[in-house]
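Here is the structure we will look at.
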Amino acid sequence: MSITELLTSISLLLLPIFFYLTKSSKSKASSISYPNAPKSYPLIGSSLAIFANRSRRIQWISDLIQNSPTATVVLHRFFLDDSHILTGNPANVQHMLKTQFHNYEKGNKTRRILFDFLGNGIFNINGDSWKFQRQVSSHEFNTKSLRKFVETVVDAELSQRLIPILSTFAANNTVLDLQDILQRFAFDNICNIAFGYDPAYLLPDLPEAEFAKTFDDAVNISSRRFNSVFPYLWKIKKFLNIGSEKRLKEASSQLRQFAKNIIKEKKQELSKKSSLESVDLLSRFLSSGHSDEDFVTDIVISFILAGRDTTSAALTWYFWLLSQNQEVEKEVLREIKEKSESPVYEEVKDMVYTHASLCESMRLYPPVPVDSKVAKHDDVLPDGTVVKKGSRVCYHPYAMGRLEVLWGSDWGKFKPERWLESAADGANKNGKWSFVGRDPYTYPVFQAGPRICLGKDMAFLQMKRIVAGILRRFKVVPVAEDGFEPVFIADLTSKMKGGFPVRFEERSVIKEQEFP
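Under mature numbering (1 follows the signal peptide of the UniProt record, and there is no 0), residues -24 to -1, 1 to 492 are what the sequence shown spells out, in order.
Next up, the structure:
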């Protein structure tokens, strides 16, 4: 063992004891009895159970919530009087995200974990700073010109890159990782939309793109900070500037320098013109007078994170579920064939069954399976759970999608029809459906309340165009043996462990004409 490793191990053991002995005593969150919660011991809380379930934390917590009478459990963590309240109760979610929004914020711990990566971006701030970024972003996201730009970017990436690549793989009967392909597609898209920059990550040779690799490193290391059973370890490594923390520092610096170089180029262009011709988000912010480099860098990096990982995660699980549910796939195909090959916005909006199937997929496999807030003041949740100032309260979309009280005894079934109403006479007349959404506190996949996702409509637009583009031409065939169940894992966003190996088969019977 090296001297550095020895010092790290000793510090890891001694620091928590020091904090425990010197920290002033506080009342822990919630005194309600939770019969199914893991046992909590003096000093170490529920750390033994947390450690034992570290490889399936999302599923384990979901099981606890499902077995709780109130759909709420409390965990006490390692040494530090650190209470985590975990809930799948819609009333509690509404209380946190809307009714008492002012009392539940990101919290200093979350800000510290993400600051090296996201800085003061919109997903990592509170109060007036958040309100200002939200107002600026909301204005831009509600413009028709941005929606049109997104359509153009998605269609170009689809027709010029994704479809030709999949055609080549299909012709050669090649196995590829669909999760990786979708991540590449999404990364090209969001970089174009956010920066006006094309990283060309989705090419036939599936290249390593330096910017994409750097972004991946920053996401993965930041995620490991969140999931660390012993959080002081990463803090010690950061202090010593070693290992993964050294890499995070380098990656974050490289991302910011890359962004600032693009900002400088656009500023130079703007100094020669009254406005920028490009309509990407960065150009819009600069043209609107928001010229502070740190401000626009933080906000654009946040949007890249949101746009890259969420849609690719959602679609990976969506194509898996379709492959296991042939009747649903047939209904989606029927709807796709009713539209033109390059459906315009209004046609995409009318893809009601496809929309429902995407919602149903994200109910079971949400791109962000858990989110947390910290209480600024003492509070009591609607189910009676006592929340002390500084307690972390997490709502759990993954668990909520599995609650029988919310979705019925068939919650485990992939059933788009639960989101649909048929004709008034009870029949699905001429294949026409009406979409029936759920309130955002029962289905908080896109957050809810004042922080509800600005890019929700943009995400559905992209996903439906991708689904239509792929399924019109190809059948997605998983390579895994019958009975194989992929494993859901979560970094900052969800993924399929080990990727999603598939083959593509041409659907010549659907339409013989080449994709434009």
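Ideal Cβ placement from N, Cα and C applies to all residues, glycine included.
Range covered by the alpha helix (DSSP H) that runs through M376: Counting along the chain, the alpha helix (DSSP H) containing M376 begins and ends at P373 to M376.
What separation, rounded to the nearest whole angstrom, lies between the Cα atoms of I197 and L224? If I take the Cα positions, the gap works out to 6 Å.
Within the chosen definition, does the region 288 to 299 reach the region 144 to 163 through at least 3 CB pairs nearer than 8 Å? Inter-segment contact for the region 288 to 299 and the region 144 to 163 is present: three or more beta-carbon pairs are separated by less than 8 Å.
Which of the three DSSP states, helix, strand or coil, is assigned to T63? Note: T63 maps to strand in three-state DSSP.
Across which residues does DSSP place F411 in a beta bridge pair? According to DSSP, F411 bridges with L396.
By Cβ distance below 7 Å, which residues in the same chain neighbour Q42 in space, the five residues on each side in sequence not counted? A375, R378 and L379.
Coarse secondary structure for T292, derived from DSSP in three states: Three-state DSSP puts T292 in a helix.
For E241, the nearest candidate out of A282, D274, W106 and S259 (CA to CA): Of the candidates A282, D274, W106 and S259, the residue whose Cα lies closest to the Cα of E241 is S259.
Helix or strand or just coil, what does DSSP make of F422? Coil at F422, not helix or strand.
If you draw a straight line from the alpha carbon of S7 to that of L24, how long is it in whole angstroms? Residue confidence is low: S7 scores 45 on pLDDT, short of 50, so the model does not pin down where it sits. No coordinate-derived value is stated.
Could you check whether the region 265 to 277 touches the region 86 to 96, counting it as contact only if at least three pairs of C-beta atoms, one from each stretch, sit closer than 8 Å? The answer is yes - the region 86 to 96 touches the region 265 to 277, with three or more Cβ pairs under 8 Å.
Determine, using beta carbons only, whether G283 and G431 come nearer to each other than 8 Å. Using a Cβ distance threshold of 8 Å, G283 and G431 count as a contacting pair.
Answer yes or no: do K352 and N79 have a C-beta to C-beta separation smaller than 8 Å? It is a contact, given that the beta carbons lie within the stated cut-off.
Under three-state DSSP, which class holds H353? Here H353 sits in coil by DSSP.
Does the distance from the CB of R441 to the CB of I139 come in under 8 Å? The criterion of a C-beta distance shorter than 8 Å is not satisfied by R441 and I139.
Can you give me the C-alpha to C-alpha distance between L216 and T86, rounded to a whole angstrom? It is roughly 21 Å from the alpha-carbon of L216 to the alpha-carbon of T86.
Spell out a yes or no on whether the region 339 to 347 and the region 462 to 482 are touching, meaning 3 or more CB-CB pairs, one atom from each, closer than 8 Å. The region 339 to 347 and the region 462 to 482 touch, with no fewer than 3 CB-CB distances between them shorter than 8 Å.
Enumerate, from N- to C-terminal direction, the unbroken alpha helix (DSSP H) stretches of 4 or more residues contained entirely within the region 187 to 244. As far as the region 187 to 244 is concerned, its whole alpha helix (DSSP H) runs of at least 4 residues are 208 to 216.
L40 to S113, Cα distance in whole Å? Each residue's alpha carbon lies about 37 Å from the other.
Span separating the alpha-carbon of H331 from that of F436: Distance between the alpha carbons of H331 and F436: 7 Å.
CA-to-CA distance, L468 to T46, given in whole angstroms: Distance between the alpha carbons of T46 and L468 is about 27 Å.
Among A185, A147, P477 and M327, nearest to S484 - alpha-carbon criterion: S484 has its Cα closest to that of A147, out of A185, A147, P477 and M327.
Using the C-alpha atoms, what's the distance from A456 back to R479? Using only the alpha carbons, I get a separation of about 10 Å.
Run through the region 12 to 97 for me and flag every whole alpha helix (DSSP H) of 4 or more residues, listed as ranges in chain order. As far as the region 12 to 97 is concerned, its whole alpha helix (DSSP H) runs of at least 4 residues are 23 to 28, 33 to 42, 66 to 70 and 84 to 94.
So, is the C-beta of A162 closer than 8 Å to a C-beta in chain B? No chain B is present in this structure, which holds just one protein chain.
Sheet register partners of M434 (DSSP bridge): Partner(s): none; M434 has no beta bridge.
Cα-Cα separation between residue 575 and K82, rounded to whole angstroms: Not covered by the structure: residue 575. The range shown for the chain is -24 to 492.
Under a three-way DSSP split, which group does I465 fall into? Strand at I465.
CA-CA distance, R414 and P66? C-alpha of R414 to C-alpha of P66: approximately 11 Å in a straight line.
Taking buried to mean at least 16 other C-beta atoms within 10 Å of its own C-beta, is T150 buried or exposed? A residue is called buried when at least 16 other Cβ atoms come within 10 angstroms of its Cβ; T150 does not meet this threshold and is exposed.
Where DSSP assigns a beta bridge to C370, which residues make up the other side? DSSP lists L62 and S348 as partners of C370.
Looking at C-alpha atoms only, which residue of P477, V130, S105 and P358 is the closest neighbour of C167? Distance from the Cα of C167 is smallest, within the candidate group P477, V130, S105 and P358, for V130.
Name the residue from S22, T63, K15 and P14 whose alpha carbon lies nearest to the alpha carbon of C370. C370 has its Cα closest to that of T63, out of S22, T63, K15 and P14.
Member of P175, W210, I141 and A188 whose CA lies at the smallest distance from the CA of D181: The option with the nearest alpha carbon to D181 is I141.
Determine the contact status of V452 and F295, defining contact as a CB-CB distance below 8 Å. Yes.
Can you give me the start and stop residues for the beta strand (DSSP E) that V452 sits inside? Residues F450 to P454.
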